[in-house]
Amino acid sequence: MDAFLDGELDDLADDEPEDDEAWEDGGDEDDDTREVAGLAFDHGDRRSPVGDAEARTLLLDGDLDLEGRLLDASNVSLIGAIRTPELAGECIYKPVRGERPLWDFPDGTLAGREISAYLVSEATGWRVVPPTVLRDGPFGPGMVQLWQHADPTVEMTTFVRRDVPALRRMAVFDAVVNNADRKGGHMIPMADGHVYGVDHGICFSPDPKLRTLLWRWAGQPLTEDAVAVLERLQDQLRDELGEQLHGHLTRTEVRRTQQRVADLLRTGRHPEPSGDWPALPWPPF
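Position one of the sequence shown corresponds to residue 12 (the numbering used here), numbered consecutively onward.
Put into C-alpha cells, the structure is as follows:
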C-alpha cells in the first residue's frame, strides 16, 4: 500500500484504475477488498477497548496505520489499525476529500452525516451505529469508525428477511435519519446477536429518500419500546441533540428530522414506501 498512501488523494474518488498497481504493489482486486480480519495487524500488548467510551478515546487519540482501500465503496474508504499506548483496534477512515460529488447531497457533507447518524443512534440507546468520530487523518478531516467483525456464519440474504428486534429497531432508526441506502452489506450481525448498521453518508436529506431492505414491518404498529424511544428522541432533538446536529447538518435538515419523528409518533406505525422514490437500494447487496 505504500505507493497508494504516498500518492495524491485528489483522484481517489474517481473511477477505479485500470491497473491495480496504481493502488498497491501487486495483488488483485480481491486482495484490496479483503476483510480487515484478514490483515496482519500487530497490536503488541495493547488491548481492545471495553465499552463505547474507551472506543471513542481510541478513535479520537489513536494513531492511524492504514493498510488498504475498499475498492467497491462509492467513496474513498480506507481500512487499517488504530492504536494508543494502551488500546488498539481496527477502523475505517473516510476522508472528506475522497467523497464523490452527488447530485442530491451537498459536496463535502457525507462525513458529517455519518457523525449525525451516530449521534442519533446514541440518543436512542439502541447502539445501531458503531463508535464514530470526526477527526484529522493522513488525508485530512474525515469520519473514523471502529471496525466491527461480523459473524461469518450468518447468511445475509436470509438474515435481512428475519423478524428480529434488532432489525426492527434499525428500520425505525432508518426512518428517523431518512436513510437512502440500507443495503444488506450495511448491516453487521455480531456473534452476540447485536446488529450494527454502517455507511450512513446519504442520510438526513430534507426530501423523502428512504431506501432499505427492511420493509418487513411497513404499515405495522410501532412497538411500545420504539414509541418510548421516539418520545425521548423528540425531546432530545429540541434540546442538546438538536444543537449537536446543527454542527453537521443544515437547520432545514434538523427540522425535517424532528418532523419525521413527530410523524412516526402521530401515525404510530412503521412507514411505507412513498411511491415517489425507489423503495429498494441498488444493488441490494
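Don't be surprised by glycine CBs; every beta carbon is placed ideally from N, CA and C.
Exercise. Return the residue from the list Leu75, Pro289 and Arg271 that minimises the CA-CA distance to Pro149.
Key: Leu75
Quiz prompt | Arg80, enclosing beta strand (DSSP E) - first and last residue | solution = Asp74 to Arg80
Self-check item: 7 Å CB neighbourhood of Glu283 in its chain, flanking five on each side removed
Solution: Ala229 and Gly230
Self-check item: Cα-Cα separation, His256 to Arg57
Solution: Reading the sequence as shown, one finds Leu at residue 256 and not His. Rounded to the nearest angstrom, the two C-alpha atoms are 34 Å apart.
Self-check item: Cβ pair Leu71, Val131 closer than 8 Å
Solution: no
Exercise. Out of Ala191, Ser216, Gly208 and Arg249, state which residue places its alpha-carbon closest to the alpha-carbon of Pro292.
Key: Ala191
Practice problem: Identify which residue in Leu157, Ile103 and Arg67 has its Cα closest to the Cα of Arg80. | Solution: Ile103
Quiz item: Taking Gly195 as the reference, which of Leu89, Ser85, Gly91 and Phe296 has the closest Cα?
Solution: Phe296
Quiz item: Can you tell which of Met198, Ser59 and Arg243 has its C-alpha closest to the C-alpha of Thr223?
Solution: Met198
Practice problem: Flag this pair as touching only if the stretch 203-214 and the stretch 237-251 have three or more C-beta atom pairs under 8 Å; answer yes or no. | Solution: no
Exercise. From the DSSP output, in three-state form, read off Gly253 for me.
Key: helix
Quiz prompt | 6 Å Cβ shell around Asp42 - same chain, five flanking residues per side excluded | solution = Note that Asp42 scores 37 on pLDDT, short of 50, meaning its location in the model is unreliable and no value can be drawn from it.
Self-check item: Val140 beta carbon less than 8 Å from that of Cys128
Solution: In the sequence as presented, Cys is not what sits at residue 128; that position holds Ala. Cβ distance < 8 Å, so Ala128 and Val140 count as in contact.
Self-check item: Closest Cα partner of Gln247 within the set Arg266, Ile90 and Asp115
Solution: Arg266
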